[in-house]
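Participant: Below you will find the structure I want to go over with you.
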Amino acid sequence: MSTNSTSWGWYFGLEITIATVISCFANCAYAQITPDGTLPNNSRVTVQGNTNLIEGGTTVGSNLFHSFSQFSIPTGNQAFFKNALDIQNIITRVTGNSISNIDGLIRANGTANIFLINPNGIIFGQNASLNIGGSFLASTASSLNFADSTLFSATATQTTPLLTISVPIGLQFGANPGRILVQGNGQGLRSTSDIIDTSVGLRVQPNQTLALVGSDVVLEGGTLKTAGGRIELGSVDDSSQVRLTPIDKGWAMDYAGVPAFRDIQLSRQATVDASGEGGGDIQVQGRRVTLTDVSQIEASTLRGEPGGTLSVRASESVELTSIPFDGFFTTALLAQVYPGATGKGGNLIVETPQLSVRDGAQIQATTFGLGAAGNLIVNASESIELIGETADGIFPSALSTVVTQGATGAGGNLTIETRRLSVRDGAQVQTATSGSGAAGNLIVNASELVEISGFSFITQNPSTLTASTESTGDAGNITIETEQLTIQNGAIVSVSGNGPGNAGNMSVQARSILLNNEALLQANAQAGEGNINLSARDLILRNNSNITTDAEGENVIGGNININTNFLVALENSDIRANSTNRGGQVTINTRGIFGTESRTELTSESDITATGGSPELSGIVEINTPEVDTSLGFVELPANVADVSGLVNTGCATFAGSEGSSFVVTGRGGLPPSPDQPLSNDVVWSDTRLPATTTQPHGLETAAKPPSKSKAVVIVPATGWVFNGKGEVTLISSTSNATGKGSTPATCSQQ
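Just so you know, we're using the working numbering here: the sequence shown kicks off at 737 and counts up by one.
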């Protein structure tokens, strides 16, 4: 019996303990929004069920100020700011030392904007959401700056703050600002053209701003959305100042006062989406911006309004990588015109020193509808690399502006500015059309290198740089300016027309152009002709590489190929062709030298230059211009008679008045002096070129000033003759010996 009593007592004690813990957790949960009592009129929090009703605060003009020592919302709860309807800005600071954990709803009356600053950091859980009429700005700044120079600080709270009726104009960051984390289940990817396509994540009303500005900004499956409004992601370092500017869509951030940036990361299918009637604006600003795991940033046009601008700027790098998913999505930056939409798409801008797009990730400005696509502008001061495709082979890594099948809007232009551009393993850079709209133009300025190389491992698709058409829309033009253009291992650069639309024109200006191992540079056409213009110091084609403007179809003339180069080398069956099934085109080559190829009337197993037509009468023109050498202009006729040197050279050493001496200079052969380290050889030819009489120097001739003598200077005696020694070498002597031997007869300057 006592045992049973003990058991029941243990259970009863456990129940009390559990109830106490539950009660504690409940009280702690509701106590996570706590006023700090630092305002003239302090905030008041009342718990009503799962709602934290926030009243009070200090109102100055249309600004309502709140101050809390902690501000967190547990799962399933909400914080309701019960403000008057004439309030425009609800400005909230957290002055304690804890991070704000928000996994519930933030709600307010009317159209008020909410500013939330907590220097310690802010975490939005996967259940976090917004129900407000205005904009929402969350930041780990230390203070909010106003137009009249007042500050609302979360760190300097010792004195009552001077509050203001002015509008906020900036965020001031202190030392070690906290990060902002947005968590989610990765279900925010857009799959329809509905304005409101999903209810998950943080969302503000159409034409409002959703801004997260802190140290590192991380989205792990999180979702940020506004329909045609503005989204700001800013990651800044210590002591930074970010300027705020009121705009029609809420607020815009200016990062000109930021000395250094931090990192922005999107992973686990994170989504940032400002698509709407017209595409909204998105600005992403950080040090390293990384998108992985089918995460997307999108500002697309869904109806008839014009699109906004999607800009991603990084002080170090932007990197996109993807993984296999379900065949419908890949990691991407998107500015699209959806099916049926008539509004023009917005522009997509990427600015960074280094851009890397790998494993099937894409940066794309595309139209599926009636509206024209926006432009894609990529400025990477150091390098751009596009590599590979998704593991399932569905998505190639790409920079593209595309008119899709059935779309009537024109494609946007793609402009690339960089030092080095590398497209490898099946990746693509393209402005293409499969609809009735014309493709955009592709402009590449790479100060050092453009390299297009290889093909994909799964689908075997080549790496490409194209402005082509496969439908009734015309292809765009390609302009490339670089130091070195390399196309190799099956890669293609093309302005071809593979449908009723006209092919485009290609212009390349480079120091050197290399096509190797089945590389192809083409402007082939099935309708109007395409032309290729190449200007380079060296143009080299090897291993079955081709330059073609071939044409197929009735009354289709082959395109023109114009080449200006110092040297053209084509080896191993590498061809230059402007052929046609109708009338051949024209090949014009201006060069100093051409090697390994020649003009032929038909293709052979050698390297050929052709412009054949459907019949010999319809053949085109091959014109090769090389400098003609006129040998008569390369020589100067010499006089037939040899000059008599006896009348030109004095035979004796002239004498001077006073103590001045003569000089003797040996100039060697051909006007080149002999080496001072080597004796004259015994086969030196000596010519007696003495003049008939010795000339005496006039006494009045000035002499050069002599340097001061040195106490131990060696007296230099001028040579008066020379002899051949036993080895046949010449030896200069200062006096003539009386004894002479065979082969050593001395000669003197005065000898007649």
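Beta carbons are placed, not taken as given, at the ideal position from N, Cα and C, and that holds for glycine.
1. Taking the alpha carbon of A890 as the reference point, which residue from S902, T928, I827 and A1108 has its own alpha carbon closest?
2. Give me whichever residues DSSP pairs with I1130 in a beta bridge.
3. By the DSSP assignment, the beta strand (DSSP E) with E1153 in it spans what residues?
4. Can the beta-carbon of F851 be found less than 8 Å from the beta-carbon of P904?
5. Measure the C-alpha to C-alpha separation of E1013 and Y1074 and round it to an integer number of angstroms.
6. Have a look at D1311, I1297 and F1303 and flag the residue whose alpha-carbon is nearest the alpha-carbon of R1328.
7. Measuring CB to CB, does A1101 end up less than 8 Å from G1129?
8. In three-state DSSP terms, what is E1034?
9. Using only CA atoms, which one of V1139, V781 and P1236 lies nearest to E1290?
10. Please state whether DSSP places L1257 in a helix, a strand or coil.
11. In the DSSP output, what is I809 paired with across the bridge?
12. Taking DSSP's pairing of strands, which residues face K961 in a bridge?
13. Based on DSSP bridge pairs, tell me the residues matched to Q1220.
14. Starting from the C-beta of Q1258, find all residues in its chain whose C-beta is less than 6 Å away, skip the five residues before and the five after it, and write them out in chain order.
15. Give the secondary structure of P1352 by DSSP, where H, G and I count as helix, E and B as strand, and everything else as coil.
16. Which runs of the alpha helix (DSSP H), 4 residues or longer, sit entirely within the stretch 1045-1085?
17. Could you pull out every residue in the same chain whose Cβ sits closer than 7 Å to the Cβ of A1116, ignoring the five residues on either side in sequence?
18. Beta-carbon within less than 6 Å of L1135's beta-carbon, same chain only, minus the 5 sequence neighbours each way: which residues are those?
19. So G937 packs on L960, CB below 8 Å; how close in whole Å?
20. Could you tell me whether any non-hydrogen atom of the ligand FMN is closer than 7 Å to the CB of G1162?
21. Quick check on this structure: which residue in S1355, T1317, S1310 and G1320 has the alpha carbon closest to the alpha carbon of S1341?
22. Could you check the C-alpha separation between L1221 and Q1245 for me, to the nearest Å?
23. If G1226 sits next to G1190, beta carbons under 8 Å apart, how far is it from one beta carbon to the other, in whole angstroms?
24. Suppose contacts are defined by Cβ-Cβ distances below 8 Å. Is N1318 in contact with V1358 by that definition?
25. Taking Cβ to Cβ, would you say G993 is nearer than 8 Å to G1043?
26. So what does Q1164 bridge to, in DSSP terms?
27. Am I right that E1184 and R1156 are in contact with their C-beta atoms under 8 Å? What's the rounded C-beta distance?
28. What separation, rounded to the nearest whole angstrom, lies between the Cα atoms of S1051 and L907?
29. Taking one C-beta from the stretch 844-863 and one from the stretch 967-975 each time, how about it: are there three or more such pairs within less than 8 Å?
30. Grab me the residues of R926's own chain with a C-beta within less than 7 Å of its C-beta, minus the 5 sequence neighbours each way, in chain order.
31. Check for me: the beta strand (DSSP E) holding A947 runs from which residue to which?
32. Take I838 and list the residues in its own chain whose beta-carbon comes closer than 6 Å to its own, dropping the five residues that flank it on each side.
33. Could you have a look at S1192 and say whether DSSP puts it in helix, strand or coil?
34. Where does D930 land, buried or exposed, given buried means 16+ other C-beta within 10 angstroms?
35. Got a sec, what are the start and stop residues for the beta strand (DSSP E) Q1098 sits in?
36. Keeping to the same chain, check which residues put their C-beta closer than 6 Å to that of H802; ignore five residues upstream and five downstream.
Facilitator: A quick look at the data gives this:
1. Among S902, T928, I827 and A1108, the Cα nearest to that of A890 is on I827.
2. DSSP output for I1130 lists no bridge partner at all.
3. L1150 to R1160
4. yes
5. 10 Å
6. F1303
7. no
8. E1034 falls in the strand class under three-state DSSP.
9. P1236
10. strand
11. For I809, which the question treats as bridged, DSSP gives the partners I838.
12. R939 and D1009
13. L1185 and S1248
14. S1230, S1232 and T1284
15. In this structure, P1352 counts as helix in the three-state DSSP scheme.
16. none
17. T1088, P1089, Q1090, L1091 and T1154
18. I1099 and V1165
19. 6 Å
20. No copy of the ligand FMN occurs in the structure displayed, which carries no ligand at all.
21. S1310
22. 9 Å
23. 7 Å
24. no
25. no
26. Partner(s): A1134 and T1200.
27. Yes, they are in contact, since the Cβ atoms of E1184 and R1156 sit about 5 Å apart, within 8 Å.
28. 20 Å
29. no
30. D933, D1009, S1011 and E1034
31. Per DSSP, A947 is one residue of the beta strand (DSSP E) stretching across T945 to G950.
32. Hits under 6 Å: I809, F860 and A864.
33. In this structure, S1192 counts as coil in the three-state DSSP scheme.
34. exposed
35. Q1098 to T1103
36. S779, G793 and T828
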